[in-house]
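A short write-up of the structure that comes next.
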Amino acid sequence: MDQLAFDFTPIPAVTAAAVAVPAVRPAATDRRRLRGAMAYQAGASAEMRVSIVYERRGFPVVQHRWRGKGGEIDLIAQDGDGLVFIEVKQSKTFDRAAARLTAAQMRRIYASAEEYLGRMPRGSLTEVRFDVALVNGQGETRIIENAFGLD
Numbered sequence: 016m017d018q019l020a021f022d023f024t025p026i027p028a029v030t031a032a033a034v035a036v037p038a039v040r041p042a043a044t045d046r047r048r049l050r051g052a053m054a055y056q057a058g059a060s061a062e063m064r065v066s067i068v069y070e071r072r073g074f075p076v077v078q079h080r081w082r083g084k085g086g087e088i089d090l091i092a093q094d095g096d097g098l099v100f101i102e103v104k105q106s107k108t109f110d111r112a113a114a115r116l117t118a119a120q121m122r123r124i125y126a127s128a129e130e131y132l133g134r135m136p137r138g139s140l141t142e143v144r145f146d147v148a149l150v151n152g153q154g155e156t157r158i159i160e161n162a163f164g165l166d
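Numbering (the working numbering), first residue to last: 16 to 166.
Put into structure tokens, the structure is as follows:
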């Protein structure tokens, strides 16, 4: 088909408001959910690194993220006839990771450890220690054995 004529009729100008696309920002709940998912994955990765360190040292990890009525214990490792309850803290620096362990968390870990020991054959007679494993932003790990104990 041949073009017979050109149409030079002026076209009304298109304003910026007419074509402006509203900025799409995720809702606050979506951002919170995403941040929570990322924190969960970072924590799981740090716990996996720490479990490998304990396994290599000869302490088999018997539980990952054990949850009782009182709270959660990140890792539980076997130490001969005893157990090691391990709290994993991850942050950009070791100091920041260590600062994240609060007295309230320690109380919850104790309560959960007592509940866990209640299911063991020797119960509260089982030898235990509470370690804190710190993971920095580069994935390096520091273990603090007997980091806290019952007062």
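Virtual Cβ for every residue (Gly too), placed ideally from N, Cα, C.
- According to DSSP, residue pairing for V77 in a beta bridge does not occur.
- By the Cβ rule, the region 89 to 99 counts as touching the region 130 to 149, because three or more pairs are nearer than 8 Å.
- In the three-state reduction of the DSSP assignment, D96 falls in the coil class, being assigned neither a helical nor a strand state.
- With fewer than 16 other CB atoms across the displayed protein chains lying within 10 angstroms of its CB, E160 is exposed.
- The C-beta separation of L90 from S66 comes to about 6 Å, placing the pair in contact by the 8 Å criterion.
- Judged by their CB atoms, T156 and A162 are not nearer to each other than the 8 Å cut-off.
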